[in-house]
Ligand code: NAP
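Numbering (this note's numbering), first residue to last: -6 to 213.
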């Protein structure tokens, strides 16, 4: 993995930071996608990485970030938001959820995948959730499950259109102790990051178009 360039969104804390640190430990050059660049630069400095300002709900921010970054070998769409209440109560929550967890990942893939195809190497990991699984009833609060189900669909459908050299997979980290998961969750951020790190560094014969938890396939 030495020298592979990896962009992780929402990398300033929680599972995203653990993924970034895990990939750095494997020798990747890490770019932390962060909304607060000053804080991100500090984190990046401490782990010998770099940071780029990136609000995945903002098309201009995505364009600026991609311009600044150039190409990457690995994209981890990790940024996520968890609303509250019922699905049909709040159109703003629906729009925000879709923007952060579907439109942002789509736009980043749209801009970053062509170079991966050209370079015959790419690994895309979409950090999803079991709450986005149809097999589990698309649950979770507000629009969260619907957005993750759409992210799963994006994973499956985009993998079908790409050569096998560019792998796109979705994963569920499990219930993880972060600001989103809360203090009672079962897993540490490092444990939650493990499957994403594995998928981000798959060998050439690794899977694509799958949905995983604890490194094992799970039902969509
Ligand atoms: P977290 O601690 O709340 O972190 C969320 C991250 O997303 C933060 O870095 C946050 O940045 C970033 N983010 C939110 N909106 C953004 C935007 N518009 N643009 C860029 N970044 C944005 O949550 P987490 O538990 O680490 O979650 C990471 C991923 O795992 C999410 O996709 C989540 O859905 C998924 N997941 C988590 C659990 C769990 O139990 N924790 C379970 C299943 C799936 P700021 O600091 O700037 O807000």
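We put the beta carbon where it would ideally sit given N, CA and C, even for glycine.
Quantities reported herein were computed from a predicted structural model and do not represent experimental measurements.
(message) Classify residue 53: buried if its beta carbon has 16 or more other beta carbons within 10 angstroms, exposed otherwise.
(response) exposed
(request) Taking 8 Å as the threshold, find out whether the region 135 to 144 comes into contact with the region 85 to 97 through three or more Cβ pairs. (result) yes
(message) For residue 106 and residue 66, I'd like the C-alpha separation in whole angstroms.
(response) Those two C-alpha atoms are separated by around 9 Å.
(request) Flag this pair as yes or no: are the beta carbons of residue 86 and residue 136 separated by less than 7 Å? (result) Result yes, Cβ atoms of residue 86 and residue 136 sit closer than 7 Å.
(message) I need the boundaries of the alpha helix (DSSP H) containing residue 106, first residue and last residue.
(response) 97 to 112
(request) Please check if any C-beta of chain B sits within less than 7 Å of the C-beta of residue 110. (result) Included in the structure is just one protein chain, with no chain B present.
(message) With the cut-off set at 7 Å, would you say residue 152 and residue 97 are in Cβ contact?
(response) no
(message) Once DSSP output is grouped into helix, strand and coil, what is the label at residue 134?
(response) Residue 134: coil per DSSP, three-state reduction.
(request) Have a look at 147, 211, 180, 173 and flag the residue whose alpha-carbon is nearest the alpha-carbon of residue 3. (result) 173
(message) Please classify residue 116 as buried or exposed, where buried requires at least 16 neighbouring CB atoms within 10 angstroms.
(response) buried
(message) Taking the straight line between their C-alpha atoms, what separation do you get for residue 36 and residue 5?
(response) 7 Å
(message) Given the structure, does residue 178 come close to the ligand NAP, in the sense that its CB is under 6 Å from one of the ligand's heavy atoms?
(response) yes
(request) Classify residue 154 as buried or exposed, calling it buried when 16 or more other Cβ atoms lie within 10 Å of its own Cβ. (result) When all chains shown are included, residue 154 counts as exposed.
(message) If you measure between the beta carbons of residue 45 and residue 24, is that distance less than 7 Å?
(response) Judged by their CB atoms, residue 45 and residue 24 are nearer to each other than the 7 Å cut-off.
(request) Starting from the N-terminal side, write out each stretch of the beta strand (DSSP E) that is 3 residues or longer and does not extend beyond the region 166 to 211. (result) 204 to 206
(request) Report yes if the C-beta of residue 100 is less than 6 Å from at least one heavy atom of the ligand NAP; otherwise report no. (result) no
(message) Short of 7 Å in beta carbon distance, which residues of its chain neighbour residue 7, apart from the five on each side in sequence? Order them along the chain.
(response) 171, 172, 173, 182
(request) Can you grab the Cα-Cα spacing for the pair residue 134 / residue 112, in whole Å? (result) 40 Å
(message) Between residue 55 and the ligand NAP, is there a pair consisting of the residue's CB and a ligand heavy atom that are separated by less than 6 Å?
(response) No, the beta carbon of residue 55 sits no closer than 6 Å to any heavy atom of the ligand NAP.
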